[in-house]
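Worksheet: one structure, shown below.
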Amino acid sequence: MKRSWYASPYALWMLLFAVVPLLFVCWYAFTTPDGTFTLSNFQEFVKPRYMGVILRSLKLALYCTVLCLVIGYPTAYFLAGRGFNHAQSLVVLILLPMWMNLLLRTYAMMTLLDDNGVLNAALEALGLGKIHVIGTEGAVLMGLVYNYLPFMVLPIYTVLKKMDYSVIEAAEDLGCNPLRVITRVVIPMSVPGIVSGITMVFMPAVTSFAISTLLSNGKIRLAGDLIDYIFNQSSNPTRWNIGSSFSLIMLVLILISIGFLRKVDPDNEGGGMW
Amino acid sequence: MVRNTRAVKTFRTVWMALLMLFLYAPILIMIALSFNASVSRSQWTGFTLDWYVKLFHDPAILGALKTTLEVAVVATAISTAIGTLGAIGMHAMNTGMANVLVNVSYLPMTTPDIVTGVSLMLMYLFCHVPLGKWTMIFAHIAFDIPYVLFSVMPKLRQMNPNLYEAALDLGCTPIKALWKVIIPEITPGIFTGSLLAFTMSLDDFVISYFTSSDMYPNLSRIVYSSTKLGVKPTMYALSTLMFATILILLVLINRRTKLENM
Chain A
1 MKRSWYASPY
11 ALWMLLFAVV
21 PLLFVCWYAF
31 TTPDGTFTLS
41 NFQEFVKPRY
51 MGVILRSLKL
61 ALYCTVLCLV
71 IGYPTAYFLA
81 GRGFNHAQSL
91 VVLILLPMWM
101 NLLLRTYAMM
111 TLLDDNGVLN
121 AALEALGLGK
131 IHVIGTEGAV
141 LMGLVYNYLP
151 FMVLPIYTVL
161 KKMDYSVIEA
171 AEDLGCNPLR
181 VITRVVIPMS
191 VPGIVSGITM
201 VFMPAVTSFA
211 ISTLLSNGKI
221 RLAGDLIDYI
231 FNQSSNPTRW
241 NIGSSFSLIM
251 LVLILISIGF
261 LRKVDPDNEG
271 GGMW
Chain B
1001 MVRNTRAVKT
1011 FRTVWMALLM
1021 LFLYAPILIM
1031 IALSFNASVS
1041 RSQWTGFTLD
1051 WYVKLFHDPA
1061 ILGALKTTLE
1071 VAVVATAIST
1081 AIGTLGAIGM
1091 HAMNTGMANV
1101 LVNVSYLPMT
1111 TPDIVTGVSL
1121 MLMYLFCHVP
1131 LGKWTMIFAH
1141 IAFDIPYVLF
1151 SVMPKLRQMN
1161 PNLYEAALDL
1171 GCTPIKALWK
1181 VIIPEITPGI
1191 FTGSLLAFTM
1201 SLDDFVISYF
1211 TSSDMYPNLS
1221 RIVYSSTKLG
1231 VKPTMYALST
1241 LMFATILILL
1251 VLINRRTKLE
1261 NM
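In order, the protein sequence lines correspond to chains A and B. Per my numbering, the first sequence starts with residue 1, numbered consecutively. Per my numbering, the second sequence starts with residue 1001, numbered consecutively.
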């Protein structure tokens, strides 16, 4: 037996449980329940009751990406910087949550923000009065940033860490002030990391599932929750088809952004997972 | 980076402190509440282990724990075998074919979890396979395999290719050469890969949610459904234990990868 045959269980399994299921999604997305070809599943997308959810997903994912960039860039910059003693352990601490169950992290956030939770107790103790956070878009946004921030820090940190210090020294020697060094040298050189980070935050944020349900008591649904709702709760006879068409759109969006990423950053300098 | 003035250094310290507070306050508060005597989420009324005791007397949670562990163990075992053999096979192939096969592994890693979950659910429902433990295990194997593959492949590349040939020349059968020469050389990679697979399996919520049913819930599913019924401190205890387990596994993996790269 030739050694290359050892890969056949692998090929078979990935075909059956990674490729074929996606073909099912494509099949259902383009057919009616009785199996004839149609494009009408995609038209559901623009109906007001779904469109609202999608627009809100895009809006919150965009806010989340901007916030992650604003918080994540300085963080990555400090971590990669010179003369920072605790950088290594801080990097581990910031990236650690990436590997921890999204549901548990969101549950923890929910406990903190709850109307009778620690946040409100602390605000009351300070005499500031209670605030109502759970159930608002603000809470959902906070949950998204909390979950996806490490995905912004990692690629930017990787790029900055690899940067050639002599370039910065050259800029300094040639009379750049620190602010100009940052805006003219550091930021332009870290563009691959920024693009990588934006994709790695925006895409999962758009398709996020359960975060918004938990932090809004089920009042605010995002695209991921919508897919769950269509498949598992609606009584529409074409629910599998509509759900599939939504899933397919998500998948195509992701593939486009990966393609875009490869173009901007062909050598994967940004250290992105894709 | 740019040379830092004292003001920048102070700002950096404050920034990092606030960031740590943001990232860890929720988790630490949850851990604290799991030891809180009262059900209140804002008042500390004394230390207790009651919630942990309750946790281990709750048949639903014990059942879910059993399901979670079974799924993780079986999925890890099978994905380790398939992934390791896959890496060995691809290593022996010409690059073109191997590239195609490796790229298939990027598929589950890039597809959003919800789409992976939904696609598997559709396939199962189409084939009239009732959702349960095995449908979940098969799904877990599919997303675990790439982690094993990508841990084993670098080890194979580091290996001296002549070793295998030498074993054959000296009279080993191909199976024996695989077992006596290749496997011992790549064991560290296999072990790291299986630890990663186990961690991913324990950690998964979204894919399990779509490929199993309420009849066979795993722990994340129990946490998710409990949130609809209001907060129970036993859930804090459960979450704390899950966080601790994942943390220990990550420390182990981190140590191994560091040792291997030395």
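Glycine included, each C-beta is placed from N, C-alpha and C at the ideal position. Since the structure is predicted, the reported quantities are computational estimates derived from the model, not experimental observations.
Taking the C-beta atoms as reference points, B/V1206 is found no nearer than 8 Å to B/K1133. Of the candidates A/F37, A/N85, A/L39, A/S257, the residue whose Cα lies closest to the Cα of A/M203 is A/S257.
Under the three-state reduction of DSSP output, B/N1094 falls in the coil class, being neither helix nor strand.
Chain order gives the chain B residues near A/A108 as P1026, I1027, I1029, M1030, S1239, where near means a beta carbon separation below 8 Å.
When C-alpha distances from A/W99 are compared across A/L154, A/P74, A/Y28, the shortest belongs to A/L154. Here A/F37 is bridged, per DSSP, to A/T31.
Put simply, the backbone Cα of A/I131 is about 24 Å away from that of B/N1036. Near chain B, meaning a CB-to-CB distance below 7 Å, the residues of the region 224 to 239 of chain A are G224, I227, F231. Against B/L1055, chain A offers no close residue; the least beta-carbon distance is about 15 Å (beta-carbon pairs closer than 8 Å).
When the alpha-carbon of A/L23 is set against those of B/M1121, B/T1240, B/S1226, the nearest one is in B/M1121. Boundaries of the alpha helix (DSSP H) around A/Y229: 223 to 232. Distances from the alpha-carbon of B/A1098 to those of A/S8, A/G218, A/F231, A/G193 put A/S8 closest. With fewer than 16 neighbouring CB atoms inside 10 Å of its own CB, A/W5 falls in the exposed class. 8 Å or more divides the Cβ of A/A205 from the Cβ of A/Y157. Proximity to B/T1257 across B/S1208, B/K1180, B/A1167, B/F1150 peaks at B/F1150, based on C-alpha coordinates.
Under the three-state reduction of DSSP output, B/N1103 falls in the helix class. In the DSSP assignment, A/G193 falls within the alpha helix (DSSP H) that extends over 191 to 206. Per DSSP, A/E172 is one residue of the alpha helix (DSSP H) stretching across 165 to 173. Apart from the 5 residues on each side of it in sequence, A/L123 sits with its Cβ closer than 8 Å to the Cβ of G129, K130, I131 in its chain, given in chain order. Under the 10 Å beta carbon count, A/R49 is surrounded by fewer than 16 other beta carbons and is classified as exposed.
Closest in alpha carbon position to B/A1081, among B/C1127, B/L1055, B/P1146, B/W1015, is B/P1146. DSSP, read as helix, strand or coil, puts B/F1243 in helix.
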